[in-house]
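In this note's numbering, the protein residues as written are 115 to 443. Working notes, structure below.
So, in structure tokens, the structure goes:
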């Protein structure tokens, strides 16, 4: 059995609950009941709706970033991508562009920018961190430049009101999040494309020798990431009622933290959407609980940093433990 196949099967098994995911469920229960017992307003219906909206803002981008990290790459441009597509959408709506066309154009812009970053990685050998870091700086700067750091307002829109509101008592963005979760889970688990992503992350050279078009896979995952970031930007624009260059600041770190906490290996070849979903809720619960308890916003950043480092360390330790059990070393 090849190393690529072995790595893929390790990643493929993670759809079922493993040690990391069971641990995350325990952590979620502790956080939920801990904050519920000690924090006023945490258990209210309005706060639960807020939790779902906040989780959706992270998760929709995190589904695509999970595939990117499984493939052994990284995308740090998510936050500015969300802000830039939000601003583009707001400008189009302000110019009375049809809402459907404006949303499709925003998604196309996100996809094109993602394709550009993926092409730099796939065809020119630019490390994905460098390519997306350059995009991060350019998009954030362009967003502030075109708006003069002011919100871009637009006329009321019935369709965006639906996106910002609830359906069946659940935030529309949360429904979108769960539908996409099912789609990405199916794609990553049950399709040749998903298996190819695991193979590329496990061993790109071996995947190439097996006939997988590694360059095309790399471009596609970044294109997908751009589209998902743009979709998050559309939902955020609907929620805020304006396009704002400063929105989604730091979102990329929450997304990466959620993916890593969910058990996706930064080295590639292993990960699951279920783990990412649990990681998203861990990040969201902690952020929500700290805000309700009135914790200093600057200290909240400290907590996030500690969580990310602890998650990476736990990820490494679990990986080493599994390798010792598999190979007996």
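Think of the CB as a built atom: it goes at the ideal place given N, C-alpha and C, for glycine as much as any other residue. Only a predicted model underlies this, so the values are computations on that prediction, with no experimental measurement involved.
When the Cα atoms are used, what is the spatial distance from residue i to residue j?
i	j	result
residue 245	residue 400	31 Å
residue 274	residue 218	13 Å
residue 434	residue 309	23 Å
residue 410	residue 317	44 Å
residue 380	residue 423	12 Å
residue 166	residue 288	6 Å
residue 298	residue 177	7 Å
residue 111	residue 418	Because the chain spans 115 through 443 in this model, residue 111 falls outside it and cannot be assessed.
residue 321	residue 314	6 Å
residue 265	residue 406	26 Å
residue 139	residue 168	19 Å
residue 279	residue 306	37 Å
residue 327	residue 351	36 Å
residue 393	residue 248	27 Å
residue 276	residue 329	39 Å
residue 332	residue 155	44 Å
residue 428	residue 194	29 Å
residue 206	residue 231	24 Å
residue 304	residue 296	12 Å
Kindly give me the distance between the Cβ atoms of residue i and residue j, rounded to whole angstroms, as I take these residues to be in contact under 8 Å.
i	j	result
residue 175	residue 349	Wrong, their Cβ atoms sit about 11 Å apart, outside the cutoff.
residue 311	residue 335	7 Å
residue 145	residue 403	7 Å
residue 382	residue 184	6 Å
residue 235	residue 187	7 Å
residue 256	residue 173	Incorrect: roughly 26 Å between the Cβ atoms, too far for contact.
residue 408	residue 339	Their Cβ separation, rounded to whole angstroms, is 35 Å, which puts residue 408 and residue 339 out of contact at 8 Å.
residue 196	residue 362	4 Å
residue 199	residue 223	6 Å
Using 10 angstroms around the beta-carbon of residue i, count the other beta-carbons present and answer buried if the total reaches 16, otherwise exposed.
i	result
residue 360	exposed
residue 415	exposed
residue 430	exposed
residue 270	exposed
residue 160	exposed
residue 189	buried
residue 80	No answer is possible for residue 80: the residues shown for the chain start at 115 and end at 443.
residue 325	exposed
*Give, in chain order, every unbroken run of the alpha helix (DSSP H) that is at least 4 residues long and sits entirely within the segment 261 to 301.*
You should have 272 to 278.
*Could you name each continuous alpha helix (DSSP H) segment of 4 residues or more that falls completely within the segment 185 to 223, going from the start of the chain to the end?*
Runs of the alpha helix (DSSP H) lying entirely within the segment 185 to 223, each at least 4 residues long, are 192 to 208 in chain order.
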